[in-house]
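Peer 1:
Shown next as structure tokens:
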């Protein structure tokens, strides 16, 4: 009976592992999301700069999120594969620059990165291990300079208002694909440019046409606050 019990336990654990692996493999594309820090901070809630100091006035990475073509997404796919900063020690300086946290209270960013890996990264681990996941996001950030793309078309983070269509057109003309623009509200309730979503293939390296966009809509004219 003991042998039978051990065998059943092993089979159960194996099935759990295979189930977790199948979930991790089962996604269709990534959303690569970059956030404008001025809009994050210019709200009633405000923000806190990281312990490393005020981030650059540039779009920062929010995350690289596995998604399904129907608009749903997997999350927290492997609780046994927690964030381990020692695996990405060579990337930390780049992450502090390009993937900074603005959450309060001030912190180094580890809590933010841990959340992103545990919730989203573990669902991509069949394609990208932890180091590859964070490196892929950093490489995408370097490859697609959204601030420069917008500034090339005279769209600057100067607190002015710009048409949503001009922002979307500037990005589409530069990268060849339609992006999704997410807005939030400033302390006075004005619509402002908050996040930009690009769609990426399962390798985490190539832009693709977005199979679906998130819900939500911006006003026809939105502010681009300074930072």
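In mature numbering (1 follows the signal peptide of the UniProt record, and there is no 0), the protein residues as written are -24 to -1, 1 to 203.
Ideal placement from N, C-alpha and C gives every residue a C-beta, glycine not left out.
1. Helix, strand or coil for residue 195? Go by DSSP, reduced to three states.
2. Which stretch, first to last residue, makes up the alpha helix (DSSP H) that contains residue 149?
3. What does residue 157 pair with, by DSSP beta-bridge criteria?
4. Have a look at residue 150 and residue 107 and give me their C-alpha separation to the nearest angstrom.
5. Could you tell me the boundaries of the beta strand (DSSP E) in which residue 40 lies?
6. Mind checking whether residue 202 and residue 14 have CB atoms under 8 Å apart?
7. With DSSP run on the structure shown, which of helix, strand or coil describes residue 137?
8. The beta strand (DSSP E) that contains residue 7, what's its start and end?
9. Does the pairing of the segment 173 to 180 with the segment 153 to 164 give three or more beta-carbon distances under 8 Å?
10. Based on Cα-Cα distance, which residue from 32, 24 and 94 lies nearest to residue 58?
Peer 2: Reading off the structure:
1. Three-state result, residue 195: coil.
2. 140 to 151
3. 172
4. 29 Å
5. 36 to 43
6. yes
7. strand
8. 5 to 11
9. yes
10. Among 32, 24 and 94, the Cα nearest to that of residue 58 belongs to 94.
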